[in-house]
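Quick note on our numbering: the sequence shown kicks off at 767 and runs consecutively. Below you'll find the structure, written out as structure tokens, and then a few comments.
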Amino acid sequence: MQRLKGFREFFPEPLPPGEEWSCDLRQHIFDCWRTTARRYGFREYDGPPVEPLDLYKAKSGDEIVSQLFNFQDKGKDEVSLRPEMTPTVARMIAAAERAYRKPIKWFSMPQLFRYEAPQKGRLREHFQLNCDLYGEEDPAADAEVVALLIDVLRSLGLTEEDFVVRLSSRKAWQAFYETQGGKPEHAYDFFQAVDKMERDDAETIAKRLAPTGVTPESVKSFIEAGIPTVELQGILDNLSARGLGSFVKVDYGVIRGLAYYTGVVFEAFDRKGEFRAIAGGGRYDNLVGLLSGGKVKMPALGFGMGDVVLALLLRKRGKVPSFASTVDVVVLIEDETLRPESLGLVQRLRESGRAVDYSLTPMKSDKQFKRALELGASHWARLERGAEGAQVRVKNLKTRAEQVGPVDSVLTFL
Ligand code: HAM
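The following block contains the structure:
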């Protein structure tokens, strides 16, 4: 039986022939995501993987709703696998914000599901780092979130030569739309048209823009001029003060497809333009109000970064570390009469926090040794019978140095 289209299986390295998704690489990405988010004072949260269908209808926008993995459950409720985390976290914040000091800074690393046509960088499931900041209107918060995005990518070894954050503003687009005499009832269609401009041909662009009353030429010249608003300039200055200025540029070609964004928006791309977006986010100051029926008003912003494009990019740029070493010590059992004591040694080493492996059944000693090398162990340890009972011999496989002594001294040899 085959796995479903657009879903992945993650294998331990080395990968079997024909497979491309590494569980070791996934763990490396998760570690960098978590460590960097914590460095910025973000706290981890999680939510349900299945949600009421209504949570996404009208809040996320048509594109995501058309991609939902939704169904009727056995209790006849209309539900959906989560396609994104933002509505869930906004609902959690609306319900629990009083228990937390502002600004609230939270992160999560959910697996998300979208029924998309699978293509390079887009699958039907992915893991997504979500970092969101609630309760602060000042653009200092936008700069902080963008700085976090940049530092997450830097923690994975990517540099300003590898990626750029394209910064834009829905407010700037809204103002442009109004000065062009755009019809208010078509504002959402206009944002959608701009969002797809980079992928569409001239004819489709013209068709999409026609009902809005704005011409493709005026849109293009607005993007080309790229004059930062006061708000965007403040964010650029803030990032420059941290030495991160070279990682960002104002680019009105970005507008974001999701319906709930209200202000600054941004997307991270690889510099060579080979891949789809690595991450995207922005301000969504009205979503908490919408989800709480107007009870709670709370400015909000954040971003999502998927693992799919990221893994492809890391491989392409040679930034994937070696995952050769999976165990620290292999205990060799060459004398089967010493197996019970050897099991005691294995246990003791594991309790000391080391990753330890050994042969479960009798095996020729050269095979055991070969296995230790394959596993990338830094040491092997072996019990031997000495004149005064059992002793331990430890070999450092890097320096080739050997030490022998009483079994109790094993930890000092490692
Ligand atoms: P999004 O732009 O839909 O935003 O997704 C963010 C990132 O998730 C994308 O840039 C991409 O890396 C990854 N991604 C999205 N869909 C797929 C897919 N089908 N396959 C692989 N990767 C994918 C959001 O989801 C917003 N909720 C992010 C956000 C958080 N905004 C504010 N806070």
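Each residue gets a CB set at the ideal place from its N, CA and C atoms; glycine is no exception. Note that the structure is predicted; figures quoted are calculated from it, not measured.
Query	Result
Residue range of the alpha helix (DSSP H) that includes Leu1002	Val996 to Ala1007
Nonlocal neighbours in the same chain, by C-beta distance under 7 angstroms from Lys1085, ignoring five residues either side	Leu922, Gly923 and Leu924
Among Met1064, Arg936 and Leu1057, nearest to Asp1017 - alpha-carbon criterion	Arg936
Length of the line joining the Cα atoms of Arg1116 and Phe777	24 angstroms
Pro982 - containing alpha helix (DSSP H), residue span	Pro982 to Ala991
Three-state secondary structure assigned by DSSP to Leu1010	coil
Distance cut-off 8 angstroms: Tyr1050 Cβ against heavy atoms of ligand 1	yes
8 angstroms contact criterion, which Trp799 and Val912 should meet: CB distance rounded	The Cβ separation is near 16 angstroms, so there is no contact.
Between the CA atoms of Glu850 and Pro876 - distance to the nearest angstrom	8 angstroms
Rounded C-alpha distance that separates Phe929 from Phe1179	45 angstroms
Rounded Cβ spacing between Leu1010 and Ile916 (contact assumed at less than 8 angstroms)	5 angstroms
4-residue-minimum alpha helix (DSSP H) runs that sit fully inside the segment 778-851, ordered along the chain	789-805 and 828-832
Segment contact, 8 angstroms Cβ cut-off, at least three pairs: the segment 1120-1127 with the segment 1093-1110	yes
Distance, Trp872 Cα to Phe808 Cα	5 angstroms
Val1054 in three-state terms, based on DSSP	helix
Boundaries (first-last residue) of the beta strand (DSSP E) holding Leu1098	Val1095 to Leu1098
Simplified DSSP assignment, three categories, for Ser858	The amino acid occupying residue 858 in the given sequence is Met; Ser does not appear at that position. Of the three classes helix, strand and coil, the one that applies to Met858 here is helix, per DSSP.
Residue burial classification, Leu1126 (beta-carbon count within 10 angstroms, cutoff 16)	exposed
His952 Cβ short of 8 angstroms to ligand 1 heavy atom set	no
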